[in-house]
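Residue numbers (the numbering used here), protein chains in the order written: chain H, 255 to 529; chain D, -5 to 216. Each residue gets a CB set at the ideal place from its N, CA and C atoms; glycine is no exception. Keep in mind the model is a prediction, meaning the values are calculated, not measured.
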């Protein structure tokens, strides 16, 4: 085995242990399916020694990989693996190779995304037009309220609740399963999303169909709170149409930090909707 | 929306492209195919094929500065991406700080495996990815889409429409799951690569080969 020269690089340049390992493999032109573990481990440890002032969290990730490498190395050193009834395919390096291949693909796709972003990010759309902005007055269709439908819905809810609350165990599971979501957190979330895009649709606050009820309620209350604070405006062109939430023009974007304070001030310590 | 409502207004196939162009121009934002159906009174399948023809027409029109893009079930009209230099002259925008390699790596794991949890992202990258995920959320490229029914109820993440828009992707179905995550052994992996490549010697794998396994030809073309 030829002695490879250890590449001179600082560990800070690497995204993580896999990145470093991958770099060593490429640098030494090693067949990824047949890694000379002893050598790679040595080189890896040299790098680890060189890093003196890394924070604990990052360092620990690198150390875990070092331990894995040494573990693999010791397993490779076992004198007669066949005698120990290990079948050939159980190469101790296998798991590592799979992780490296995964990571390599991830890097490659990341590169692809980088290219795509460079190519596509600067495509512009017009600002969305509302009838008002086009100078069109719209006729609001009459509200349709079907008493029969309403009655049916009510009784459906009642019967569902009856079943649920009759059975104590299902009631308790139901309560225990519930997530705790505070209106304040939801407000922050909604506000951040409106700020980042300038506007969002109301239904986008509830991305999936199985949004939990508590999420729906807190999300709705958060929108109401933001409306009440004159932070946002909500526009719906016709009943049952989508609702567009946008930042009010007179609210300065620089008030972002201000709002954080405002929310906690409005929410107080004992937020009535807190839980 | 009852059918009777459409019957009295429906565009002919000849009128359709012009109408769609006008609607997309006026709307600005992405318009859902359902909404287009309401407006034109034309069947979704017909709309889809017309729009896909329009997309090609726009793309190949050397005189036009606009393109139509599909984002899942929405369609949007926007400027041709390569006109960036024109806008630079027009607005003199600040150059934006480049995204780190880590950001793209994390985004790649999420985009190709969605919905995913933080733990799954970390499993591929081998490092904690929390702060990057927060950055991606702020950037509007990913969003939370519920929780995994597992201990701790970890959040699941998926990409957004904004992501599709800014990365020139029409649908997340163009981004197949990273199959590598599902292989138990190298042998499984090699077998699937062999089937995909139709060759015997997969040891000589290059990055491109690996890419081809999961990119149908054409999708990778930018």
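- For the stretch 42 to 60 of chain D, the beta-carbon criterion of a distance under 8 Å to any beta-carbon of chain H is satisfied by none of its residues.
- At least 8 Å separates the CB of residue 438 of chain H from every CB of chain D.
- Our two residues, residue 496 of chain H and residue 437 of chain H, have alpha carbons roughly 22 Å apart in a direct line.
- In this chain, the alpha helix (DSSP H) harbouring residue 48 of chain D covers 38 to 54.
- Scanning H/282, H/293, H/494 for the CA closest to the CA of residue 398 of chain H turns up H/494.
- Below the 7 Å Cβ cutoff, chain D contributes 98 as neighbours of residue 368 of chain H, in chain order.
- Burial of residue 440 of chain H is indicated by the presence of at least 16 other C-beta atoms within 10 angstroms of its C-beta.
- The continuous stretches of alpha helix (DSSP H) do not include residue 71 of chain D, which lies in the beta strand (DSSP E) extending over residues 68 to 73.
- The three-state secondary structure of residue 110 of chain D, taken from DSSP, is strand.
- Straight-line measurement puts the Cα of residue 45 of chain D at about 18 Å from the Cα of residue 155 of chain D.
- Its Cα nearest to that of residue 4 of chain D, the residue D/41 stands out among D/121, D/141, D/106, D/41.
- Against chain H, the beta carbon of residue 144 of chain D has no neighbour under 7 Å; the closest one sits roughly 13 Å away.
- Cβ-Cβ distances below 8 Å link residue 122 of chain D to 116 in the same chain, with the five nearest sequence neighbours on each side left out; the list follows chain order.
- The contact set of residue 106 of chain D on chain H, defined by CB atoms closer than 9 Å, consists of 359, 360, 363 in chain order.
- The beta carbons of residue 48 of chain D and residue 62 of chain D sit closer together than 8 Å.
- Against chain H, a Cβ distance below 8 Å from residue 132 of chain D picks out 446, 450.
- CA-CA distance, residue 469 of chain H to residue 295 of chain H, rounds to 49 Å.
- H/323 is the residue among H/365, H/396, H/449, H/323 whose C-alpha sits nearest the C-alpha of residue 348 of chain H.
- Burial is judged here by how many other beta carbons sit within 10 angstroms of a residue's own beta carbon; residue 377 of chain H has at least 16 and is buried.
- A distance of 8 Å or more separates the beta carbons of residue 360 of chain H and residue 152 of chain D.
- Boundaries of the alpha helix (DSSP H) harbouring residue 28 of chain D: 27 to 34, taken from the DSSP string.
- Among the residues of chain H, none has a CB under 7 Å from the CB of residue 32 of chain D; the nearest is roughly 11 Å distant.
- In the three-state reduction of the DSSP assignment, residue 137 of chain D falls in the strand class.
- Per DSSP, reduced to three states, the secondary structure at residue 297 of chain H is helical.
- Chain D has a Cβ within less than 8 Å of the Cβ of residue 375 of chain H.
- Within 9 Å of the CB of residue 111 of chain D, no CB atom of chain H is found; the nearest one sits about 15 Å away.
- Excluding five sequence positions before and after residue 101 of chain D, the CB atoms of its chain that fall closer than 7 Å to its own CB belong to 130, 135, given in chain order.
- Contact of residue 382 of chain H with chain D by beta-carbon distance below 8 Å involves 21, 22, 23.
- The way I'd put it, the stretch 372 to 386 of chain H does touch the stretch 62 to 80 of chain D; three or more beta-carbon pairs between them come closer than 8 Å.
- Boundaries of the alpha helix (DSSP H) around residue 356 of chain H: 348 to 374.
- Residue 366 of chain H counts as buried, since no fewer than 16 other beta carbons sit within 10 angstroms of its beta carbon.
- 388: these are the residues of the stretch 385 to 405 of chain H whose beta carbon lies less than 9 Å from some beta carbon of chain D, given in chain order.
- Residue burial annotation: residue 91 of chain D is exposed, with fewer than 16 other C-beta atoms found within 10 angstroms of its C-beta.
- Interface flag for residue 103 of chain D against chain H is set, since a Cβ pair is found closer than 8 Å.
- As the crow flies, the alpha-carbon of residue 113 of chain D is around 52 Å from that of residue 8 of chain D.
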